[in-house]
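Okay, structure first, notes after.
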Amino acid sequence: MGKKVSVGGQAVIEGVMMRGSTGVATAVRKSNGEIEVDFKKIKPLTQKNKVFSLPIIRGFITLIDSLILGIKTLNYSASFIEEELEEPSKLDKWIEEKFKGKATDIIMGISFVVSMALSILIFFIIPTFVANGFKRINITNTVSLNILEGIIRVFIFLTYIYLISKMDDIKRVFEYHGAEHKTIFCYESNEELKPENAKQHGRLHPRCGTNFLFLVMIVSIILFSFTGWKSIWQRILYRIILLPVVSGITYEIIKWMGNNKNMCTKVLSYPGLMLQKLTTREPDLKQLEVAIVSLKVAEGMETVESIKSEYNNDN
2 MGKKVSVGGQ AVIEGVMMRG STGVATAVRK SNGEIEVDFK KIKPLTQKNK
52 VFSLPIIRGF ITLIDSLILG IKTLNYSASF IEEELEEPSK LDKWIEEKFK
102 GKATDIIMGI SFVVSMALSI LIFFIIPTFV ANGFKRINIT NTVSLNILEG
152 IIRVFIFLTY IYLISKMDDI KRVFEYHGAE HKTIFCYESN EELKPENAKQ
202 HGRLHPRCGT NFLFLVMIVS IILFSFTGWK SIWQRILYRI ILLPVVSGIT
252 YEIIKWMGNN KNMCTKVLSY PGLMLQKLTT REPDLKQLEV AIVSLKVAEG
302 METVESIKSE YNNDN
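When the sequence shown is numbered by our numbering, its final residue is 316 and no position is left out of the sequence of numbers.
Here it is, written out as C-alpha cells:
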C-alpha cells in the first residue's frame, strides 16, 4: 500500500531539486563525482497568507512560487559549471562590478522577467496572431478561431519540447527528470530508498509539471472561447489578464486528479503522461543516487553534513 506524500521536484543541471516536508533540497553531481547539496527551509507562498491559499488564487501563486524557486535552483546548479570555467565572461564581470553582492538577485530577476515574457510571446501572442490570419479565408466564427488558436499553441509547445529533447545537455536534464520521478515513486511505495529499487519504477508521474503545462493549453482553449475576437490587441490583453485564472483552474484540476482515481482522471492525465515520454529519459544509478539524496534531505531523513560523509567518501 503506497503512502500519500506531497514531495515534488525539478530536474536541474546535473542534479535534482526536491521540495519536501522540511524544506527545499538541491543535489548536484560535480565533475569530480562528489554530490553537493543545498538545503533551505522555504515555506510555500500559499502557507504565508490565507488569501494565497484560496481556490484558484493558490494555483497562480503556486505557479509563480515554482518559477522563482526553479530559477534559483537552476542558477545554483549552473554555478558549478561556472566554477570550472577559467575566466568569467565580460557580462558576468560587468554585473558583479556594477551590482556587487546583489548580482545574483539581479540576474535571477532578469531571468524571471525574460522567461515570462518569452513564454507569453511564444505560447500566447504568436498563436493569437496566426489564428487571426485565418480571417482572410473567411473563418470568422469565434469558437472556430479559438480552437484553431489552441491547436496552434499545442503544436508550438510540442515542437518546442521535441526540438530541445534532441540537445545533448537537455537530454541529461531529462534523465535527471526521470530520476526524480522514479525516486518519488519509490518513496510513495514505502520501499527502501536506494538506486536499484528506484530504477524498477516508471518514469511517468501523474503529478508532473508537464501535465500541468499541457492542461493549461486545454483549459485556455475553453476559457478563451468566452472572449470575443474584435481587436487583435484587445484579444492579446484578454489572454494576459486571464493567465492567472487559467493557471488557477488548471491547478484545481490537477489537485482533484491527485485525490481521485477514476476513468475521467485517467483520460485527463493520459496526454500529459505521454508527453513525459519526451521530457523524461531513463536515468542511470548515479543519477538516481543524486535524486535520492535530494529527497532524503528535503524530507528530513538526512542532513547536508551526513550526506557529505556518507556519499562523498565513497567517490
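Heads up, the beta-carbon is just placed ideally off N, CA and C, and yes, glycines get one too.
Query	Result
Backbone CA spacing between Ile69 and Leu55 [nearest angstrom]	20 Å
DSSP-derived helix/strand/coil call for Gly21	coil
Where Thr266 sits in the DSSP three-state scheme	helix
Given Ile82 as reference, the closest of Pro284, Asp170, Val268 once Cα atoms are compared	Asp170
Residue range of the unbroken alpha helix (DSSP H) whose run includes Glu15	Segment: none, Glu15 is in no alpha helix (DSSP H) and carries neither H nor E.
Contact check, Asn212 vs Ile255, beta carbons under 8 Å	yes
Cβ-Cβ separation, Met19 to Ala26 (assumed contact under 8 Å), whole Å	5 Å
Segments assigned alpha helix (DSSP H), at least 4 residues, entirely inside the segment 194-274	196-200, 210-225, 233-260
C-alpha gap between Asn76 and Gly110, whole angstroms	12 Å
Contact the segment 296-305 vs the segment 22-36: 3+ CB pairs below 8 Å	yes
Among Glu192, Leu194, Ile185, the one whose alpha carbon lies nearest that of Arg204	Ile185
For Thr304 and Lys41, the rounded distance between their alpha carbons	11 Å
Cutoff 8 Å; reference Gly259; Cβ partners in own chain excluding five residues on either side	Pro207, Arg208
For Val29, the three-state DSSP class (helix, strand or coil)	strand
Buried or exposed (CB count within 10 angstroms, at least 16 for buried), Met2	The predicted model places Met2 with a pLDDT of 44, which falls under 50 and marks its position as unreliable; any figure quoted below should be read in that light. Counting Cβ neighbours within 10 Å, Met2 comes out exposed, since fewer than 16 surround it.
Sequence-distant residues of its chain with Cβ nearer than 6 Å to Gly71 (five each side left out)	Gln11
Three or more C-beta pairs below 8 Å linking the segment 237-253 and the segment 213-222	yes
Integer Cβ distance of Tyr163 from Leu279, believed to fall under 8 Å	6 Å
Lys41 - partner residues in DSSP beta bridges	Val25
For Met2, the three-state DSSP class (helix, strand or coil)	The predicted position of Met2 is uncertain, since its pLDDT is 44 and thus under 50; a value taken from the coordinates is nonetheless stated next. DSSP places Met2 in coil when its eight states are reduced to three.
Ile36 - partner residues in DSSP beta bridges	Arg30
Neighbourhood of Val144 by C-beta, 6 Å cutoff - its chain only, sequence neighbours within 5 removed	Ser226
Counted within 10 angstroms of its Cβ, other Cβ atoms place Gly273 as buried (16 or more) or exposed	buried
Cβ-Cβ distance between Ile36 and Val174 below 8 Å	no
N- and C-terminal bounds of the alpha helix (DSSP H) containing Asp285	Per DSSP, Asp285 belongs to no alpha helix (DSSP H) and is neither H nor E.
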